[in-house]
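UniProt numbering puts the first residue of the sequence shown at 1, with every later residue one more than the last. The beta carbon of each residue, even a glycine, is placed where N, CA and C say it ideally should be. Just so we're clear, the structure is a prediction, and the values are computed from it rather than from any experiment.
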Amino acid sequence: MAGTAGSPGTPSVLRAMNDRAALDLLVAHGPLTRTRIGELTGLSKPTTSQILGRLEAAGLVRTTGSQTGRPGPNALLYEIRPDSAHVAALSADPTGITAVVADITGAERGHCRIEADAVAEDVRHRTAQLVAEATGGALRQAGLGPDDLTATVIGTPGAIDPRTGRLRYAPHLPGWHSRALRTELAEVLGTPVSIENDVNLAAIAEQYQGAAQDHDDFVLAYVDEGVGAAIVLGGTLLRGATGGAGEIGYMPLPGAPLARGGADVIAREDAGGGFQSLVAASAVRRLAGGTEDLAEALADATVLDEVARRLATGLAAVVAVVDPELVVLSGQVAQAGGEALRARVEEELTGLALPRPLLRISDLEGDPILTGALRTALTQARDTVFDTSNA
Numbered sequence: 001m002a003g004t005a006g007s008p009g010t011p012s013v014l015r016a017m018n019d020r021a022a023l024d025l026l027v028a029h030g031p032l033t034r035t036r037i038g039e040l041t042g043l044s045k046p047t048t049s050q051i052l053g054r055l056e057a058a059g060l061v062r063t064t065g066s067q068t069g070r071p072g073p074n075a076l077l078y079e080i081r082p083d084s085a086h087v088a089a090l091s092a093d094p095t096g097i098t099a100v101v102a103d104i105t106g107a108e109r110g111h112c113r114i115e116a117d118a119v120a121e122d123v124r125h126r127t128a129q130l131v132a133e134a135t136g137g138a139l140r141q142a143g144l145g146p147d148d149l150t151a152t153v154i155g156t157p158g159a160i161d162p163r164t165g166r167l168r169y170a171p172h173l174p175g176w177h178s179r180a181l182r183t184e185l186a187e188v189l190g191t192p193v194s195i196e197n198d199v200n201l202a203a204i205a206e207q208y209q210g211a212a213q214d215h216d217d218f219v220l221a222y223v224d225e226g227v228g229a230a231i232v233l234g235g236t237l238l239r240g241a242t243g244g245a246g247e248i249g250y251m252p253l254p255g256a257p258l259a260r261g262g263a264d265v266i267a268r269e270d271a272g273g274g275f276q277s278l279v280a281a282s283a284v285r286r287l288a289g290g291t292e293d294l295a296e297a298l299a300d301a302t303v304l305d306e307v308a309r310r311l312a313t314g315l316a317a318v319v320a321v322v323d324p325e326l327v328v329l330s331g332q333v334a335q336a337g338g339e340a341l342r343a344r345v346e347e348e349l350t351g352l353a354l355p356r357p358l359l360r361i362s363d364l365e366g367d368p369i370l371t372g373a374l375r376t377a378l379t380q381a382r383d384t385v386f387d388t389s390n391a
């Protein structure tokens with residue numbers, strides 16, 4: 001019996017699968033010849049030609065010169081059309097919002113930063129407008145408008161509770177706690193919006209182009225003004241029942257008062273307890289007698305040793321539960337401490353009755369949260385735009 005329209009194995013589905021395979025190769029490798037695409041997919045020359053013809057007609061690929069230096073006629077090179085879709089990636093923090101607009105290849109086309117104190121009275125009631133302002137600035141720089149966006153991803157401290165749609169673990173961003181925020185953002189931006197935990201996005205950046213590229217089981221410990229972790233198992237982010245998996249800043253530890261008040265306690269070092277009160281940037285500054293510069297603070301061997309001991313204590317608790325093959329240290333404190341801090345944390349973990357994961361310092365350039373938001377937005381956009389099954 002013939003399969004129903006659109007069912008697996010039907011010509012339309014097989015064509016769509018072949019189209020997506022070719023598009024993914026062009027994303028991964030850049031411009032390729034028809035022959036090379038056929039070699040990488042295992043498809044015949046006629047089939048590869050049909051694929052490229054369909055994708056050109058759909059406005060998804062274009063020719064871009066030809067390959068020279070080989071015997072015979074020059075072969076045309078094909079590439080993804082950069083303007084076939086655009087995405088926006090944003091990072092929200094207590095002092096403002098940063099927006100980046102990129103084309104479907106991932107090339108940045110526009111950038112805008114809006115400074116705004118998250119707890120100011122005139123800010124907390126206009127979060128959606130500030131997001132629209134930042135996104136609009138990046139779009140204008142790119143010569144685009146809101147209708148040109150296919151996907152938008154925003155990274156923010158805390159986590160969206162999947163049961164309520166509300167942001168938890170980040171009361172220091174009061175304007176982000178509306179139950180209707182995603183709807184409000186979608187209305188002002190004119191595109192669906194995803195809100196994602198900032199440390200989770202940093203972990204995606206590590207998976208894509210950082211220290212975790214070759215690892216499916218790892219923990220990213222983000223040690224900054226706040227402290228959090230992203231847990232990746234089997235290549236998938238662990239989110240938890242309320243979206244709060246990895247909120248290790250609240251974790252009770254010897255030497256730290258308990259962080260009380262549930263998920264509505266302020267997620268900063270001045271919350272008065274938990275792992276965060278021991279290792280966040282402000283805690284490091286206090287250890288160094290108030291020195292503002294973290295690198296200068298951690299240049300003091302006594303401070304470095306104490307921060308390493310505290311970090312190792314918290315990481316040991318995580319390792320005992322999760323058993324990752326890799327732990328990546330990221331954030332301002334990790335970057336300021338560098339290899340010296342990594343080595344001392346490793347020494348502190350040595351000899352414990354625990355698994356021994358690799359320990360690395362993130363070497364990503366730029367803002368890993370924005371990078372992760374961009375990768376997530378591109379994945380969403382490509383899943384939409386590269387699906388030719390309904391063409």
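Subject >> Runs of beta strand (DSSP E) wholly within the segment 94-140 (minimum 3 residues, chain order) >> reply: 96-103 and 108-115
Subject >> Own chain, CB closer than 8 angstroms to Arg-179, minus 5 neighbours either side, in chain order >> reply: The residue labelled residue 179 in the question sits at position 179 within the sequence shown. Closer than 8 angstroms at the Cβ level, and outside the excluded window around Arg-179, lie Thr-164, Gly-165 and Arg-166.
Subject >> CB of His-172 within 7 angstroms of CB of Pro-94, strictly >> reply: As a position in the sequence shown, residue 172 is number 172, starting the count at 1. As a position in the sequence shown, residue 94 is number 94, starting the count at 1. In this structure, Pro-94 lies closer than 7 angstroms to His-172 by Cβ.
Original post:
Taking just the CA atoms, how far does Glu-184 sit from Asp-363?
Top reply: Taking the sequence shown and counting its residues from 1, the one referred to as residue 363 is at position 363. Taking the sequence shown and counting its residues from 1, the one referred to as residue 184 is at position 184. If you take the alpha carbons of Asp-363 and Glu-184, they lie about 36 angstroms apart.
**OP:** State the DSSP-derived secondary structure class of Ser-49, mapped to helix, strand or coil.
**Re:** In the sequence shown, counting from the first residue as 1, residue 49 sits at position 49. It is helical.
**OP:** Return the chain-ordered list of same chain residues with a C-beta closer than 6 angstroms to the C-beta of Glu-346, the five sequence neighbours on each side being excluded.
**Re:** Numbered from 1 along the sequence shown, position 346 holds the residue referred to as residue 346. Excluding sequence neighbours, Glu-346 sits near Leu-359.
**OP:** Classify Glu-121 as buried or exposed, calling it buried when 16 or more other Cβ atoms lie within 10 Å of its own Cβ.
**Re:** By 1-based counting over the sequence shown, the position of residue 121 is 121. Its Cβ having fewer than 16 others within 10 Å, Glu-121 is exposed.
Original post:
When you compare each of Pro-157, Val-193 and Ile-231 to Gln-207 by their alpha carbons, which one comes out closest?
Top reply: Your numbering for residue 207 matches position 207 in the sequence shown. Per the Cα distances, Ile-231.
Subject >> First and last residue of the uninterrupted alpha helix (DSSP H) at Ile-80 >> reply: Sequence index remark: in the sequence shown, residue 80 carries index 80 (1-based). It is not in any alpha helix (DSSP H) - Ile-80 instead sits in the beta strand (DSSP E) that spans 75-80.
Original post:
Can you tell which of Pro-174, Thr-242, Gly-246 and Ala-151 has its C-alpha closest to the C-alpha of Phe-218?
Top reply: Position 218 of the sequence shown, counted from the first residue, corresponds to residue 218. Among Pro-174, Thr-242, Gly-246 and Ala-151, the Cα nearest to that of Phe-218 is on Gly-246.
Subject >> Through-space distance from Thr-41 to Ala-21, alpha-carbon basis >> reply: In the sequence shown, the residue the question calls residue 21 occupies position 21. In the sequence shown, the residue the question calls residue 41 occupies position 41. Those two C-alpha atoms are separated by around 7 angstroms.
Subject >> Close-in-space but distant-in-sequence residues of the same chain around Val-318 (CB under 7 angstroms, 5 per side omitted) >> reply: Taking the first residue of the sequence shown as 1, we reach residue 318 at position 318. So the list reads Val-219, Ala-229 and Ile-248, once near-sequence residues are dropped.
**OP:** Look at the Cβ atom of Thr-384, then the Cβ atom of Ala-16, and state whether they are nearer than 7 angstroms.
**Re:** Residue 384 sits at position 384 when you count from the first residue of the sequence shown. Residue 16 sits at position 16 when you count from the first residue of the sequence shown. Taking 7 angstroms as the Cβ cut-off, Thr-384 and Ala-16 do not qualify as a contacting pair.
Subject >> Outcome for Glu-225 when other beta-carbon atoms lying within 10 angstroms are tallied against a minimum of 16 >> reply: Taking the first residue of the sequence shown as 1, we reach residue 225 at position 225. When all chains shown are included, Glu-225 counts as buried.
**OP:** Give a yes or no on contact between the segment 131-140 and the segment 92-110, applying the rule of three or more CB pairs nearer than 8 angstroms.
**Re:** yes
Subject >> Opposing strand residues paired with Tyr-222 [DSSP bridges] >> reply: Position 222 of the sequence shown holds residue 222. Gly-228 and Ser-330.
Subject >> Option in Ile-361, Val-284, Ala-99 and Met-251 with minimal Cα separation from Glu-133 >> reply: On the sequence shown, residue 133 is found 133 positions in, with the first residue counted as 1. Answer by Cα proximity: Ala-99.
Original post:
Between Val-188, Ser-194, Leu-237 and Asp-214, which lies nearest to Ala-203 when the distance is taken from Cα to Cα?
Top reply: Here residue 203 refers to the residue found at position 203 of the sequence shown. Looking at the Cα atoms, Leu-237 is the closest of the given residues.
Original post:
Which full runs of the alpha helix (DSSP H) of 4+ residues lie inside the segment 285-337, going along the chain?
Top reply: 294-298 and 301-322
Subject >> Terminal residues of the beta strand (DSSP E) in which Leu-358 lies >> reply: Numbered from its first residue, the sequence shown carries residue 358 at position 358. That run of the beta strand (DSSP E) goes 358-361.
**OP:** Mark Val-321 as exposed unless 16 or more other C-beta atoms lie within 10 angstroms of its C-beta, in which case mark it buried.
**Re:** Here residue 321 corresponds to residue number 321 of the sequence shown, with the count starting at 1. Burial call: exposed.
**OP:** Check Thr-183 in the structure and name its three-state DSSP category.
**Re:** Position 183 of the sequence shown, counted from the start, is the residue given in the question as residue 183. Looking at Thr-183 - three-state DSSP - the assignment turns out to be helix.
Original post:
Taking just the CA atoms, how far does Ala-151 sit from Gln-380?
Top reply: One-based indexing of the sequence shown puts residue 380 at position 380. One-based indexing of the sequence shown puts residue 151 at position 151. Using only the alpha carbons, I get a separation of about 6 angstroms.
**OP:** Report, in whole angstroms, the separation of the C-beta atoms of Ala-295 and Val-303, which I expect to be a contact under 8 angstroms.
**Re:** What you label residue 295 is simply residue 295 of the sequence shown in a count that begins at 1. What you label residue 303 is simply residue 303 of the sequence shown in a count that begins at 1. Not quite, the Cβ-Cβ distance comes to about 11 angstroms (not below 8 angstroms), so this is no contact.
Subject >> Classification of Gln-213 by the beta-carbon crowding that lies within 10 angstroms, buried from 16 upward >> reply: The residue given as residue 213 occupies position 213 in the sequence shown. Exposed: under 16 other Cβ atoms inside 10 Å.
Original post:
Any Cβ of chain B within less than 7 angstroms of the Cβ of Val-101?
Top reply: The displayed structure is made up of one protein chain only, and chain B is not part of it.
Subject >> C-beta atoms of Thr-371 and Ala-205 nearer than 7 angstroms >> reply: Within the sequence shown, numbered from 1, the residue matching residue 371 stands at position 371. Within the sequence shown, numbered from 1, the residue matching residue 205 stands at position 205. Yes; because the gap between Cβ atoms is below 7 angstroms, this pair is in contact.
**OP:** Could you give the DSSP three-state label for Gln-67: helix, strand or coil?
**Re:** On the sequence shown, position 67 is the one that residue 67 refers to. Here Gln-67 sits in strand by DSSP.
Original post:
Is the beta carbon of Thr-313 less than 7 angstroms from the beta carbon of Leu-253?
Top reply: Within the sequence shown, residue 313 is the residue found at index 313, counting from 1. Within the sequence shown, residue 253 is the residue found at index 253, counting from 1. Cβ atoms of Thr-313 and Leu-253: closer than 7 angstroms.
Original post:
Looking only at DSSP bridge pairs, what is Asn-197 linked to?
Top reply: Indexing the sequence shown from 1 puts residue 197 at position 197. Thr-156, per the DSSP bridge assignment.
Original post:
Nearest to Glu-56 by CA position, among Arg-36, Leu-77, Val-284 and Leu-43, is which residue?
Top reply: One-based indexing of the sequence shown puts residue 56 at position 56. Nearest option by C-alpha distance: Leu-77.
**OP:** Note down, in chain order, each residue of its chain lying with its Cβ closer than 8 angstroms to the Cβ of His-125, except the 5 sequence neighbours on either side.
**Re:** Walking along the sequence shown from the start, residue 125 turns up at place 125. Answer for His-125: Gly-175, listed in chain order.
Subject >> Same chain only: Cβ atoms within 8 angstroms of Thr-33, ignoring 5 sequence neighbours per side >> reply: In the sequence shown, the residue the question calls residue 33 occupies position 33. Hits under 8 angstroms: Gln-67, Ala-75, Leu-76, Leu-77 and Tyr-78.
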